Structure formats: C-alpha cells, structure tokens
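Working notes, beginning with the structure itself.
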C-alpha cells in the first residue's frame, strides 16, 4: 500500500527505496535550532565511516523539539500510547554520496518507543520526563532525564513568525531540513542506515526562547551563544523503511 506522501517524490535526492515501509510517524510543531560548530569537535562523536557535512565552511549541531506520533504499519495512532514529546540533538553526515542525519541523542517521554527505537534501530534514545504545551501561538517544551552527573535538561518555547515556504535546493534551509536518511551504529560497531520519506518540509521563520542547559554540553561541546538559524514547521507525516547495512 502506497503512502499519501508518495504523491510527491521529485524532491528526493534518490528514488523511493524498494520494499515495504514499516513505520509511520507524525512529526508536529517542530523547531529546528542550529549552531555552527567545528567539525573537529564533532569528529569523536561520529563514526569514522561517516563524513561530517559542512555548510558555509562549518559543521552544524541542531536541537529539534517536537511532538511525535509513531506506530507500526498498519496500526493507527493511539492517544497516550503512540503520541509523545520528543527532543533530538543532531548533526549532518554523508556516506558514499548519501547525505543524512546522525543523532547524538534523542529524548522521548515514552518507554515503549525508547525501547523499540534502541532495540530495532540502534538509535540513542533516552526515556525522559517531558512536558509540552501550546498557548498564545507558542509551543513550550521541557525535558529532564537523570545521568551519572545529575540531570540532562532542556527548556524552551518557540513560535513561527512568517508564512511557510519549501526550502530551495542549495540553501541552508534545505541543508538542515531535506534529509531522507538516518545513520545509526549497532553495539558491535556496524553502521546502518534508515531511509525515510515525507513531503517537503513546510518551513517558517521562527523566534525562540531556549535554555539548552547541559543538553549539548554533555558531549563536550559549548554552544556559541544564541542559535544562528531558527526554523519552525507545522510538521509532516513520515514513513520509514527497515534498517539496512550502510
């Protein structure tokens, strides 16, 4: 069964994968907050098989809070079970000419989702206590999880400030948003990829009040002040294929 997003595929950097997709996800009310960082600061955090991608002569680290819905095909989304807040820290990589996302961490307020993502996709998910709300046009999200040194925390609120647009190829908006592959690493070190598909992101300019706190500092990276780029998106519905060797 084809997904509704298959009606548009021309924006993809390569064709739709062969085989059946297995996961359906709903990503809503996202903020893309990005800071320039040196590639050398990211290199110890990224497998050597992956090249760290740069734009405007620098690597980038992103913090992306949003509302997640996730379910296995063919099941529907179930309130209070398959919908929850999520927060990820990411950078951008490439292997064999295929660009994608490398996650440094993902926090979610759903124990089943965290277990499934770690077990079947080798993604660095953590169960966190999270709260998301909306008021006056703002989306607010708070997250906290225990770690050996105390708590890893994030607090922020954000809202769109423009009409939406689709990112132009070659733009920094496109570099951040239009990625159709995730890379992950199995416990034994084997590198894998997960292909995804969705309509092009409907992006808007955004404003935000963020307290990343120690979310990124846990990786030995200090953020250089406020985000250099902020984008909001009302969201997309996503399908994902099974993990494959990269």
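Residue numbers (our numbering): 61 to 306. Every residue, glycine too, gets a C-beta built ideally from N, C-alpha and C. Quick caveat, the model's predicted, so the values are computed rather than measured.
- Taking 8 Å as the cut-off, the Cβ atoms of residue 283 and residue 276 count as close.
- In terms of Cβ geometry, residue 172 and residue 147 do not form a close pair [threshold 8 Å].
- Contact between the segment 110 to 120 and the segment 232 to 242 is present: 3 or more CB-CB pairs across the two stretches fall below 8 Å.
- Listed as beta-bridge partners of residue 267 by DSSP are 219.
- A distance below 6 Å between beta-carbons, with the five flanking residues on each side excluded, links residue 200 to the following residues of its chain, in chain order: 193 and 217.
- In this chain, the alpha helix (DSSP H) harbouring residue 180 covers 171 to 181.
- Residue environment analysis places residue 110 among the buried positions, since at least 16 neighbouring C-beta atoms fall within 10 angstroms of its C-beta.
- A distance below 6 Å between beta-carbons, with the five flanking residues on each side excluded, links residue 260 to the following residues of its chain, in chain order: 71 and 226.
- The three-state reading of DSSP puts residue 233 in helix, counting H, G and I together.
- In the DSSP annotation of this structure, the continuous segment of the alpha helix (DSSP H) that includes residue 102 starts and ends at 99 to 102.
- With 16 or more other Cβ atoms inside 10 Å of its own Cβ, residue 165 counts as buried.
- The beta-carbon distance between residue 154 and residue 127, rounded to whole angstroms, is 29 Å. This is too long to meet the 8 Å contact definition.
- Between the beta-carbon of residue 204 and that of residue 189 there is about 5 Å, and that keeps the pair under the 8 Å contact cut.
- In the three-state DSSP reduction, residue 115 falls in the strand class (E or B).
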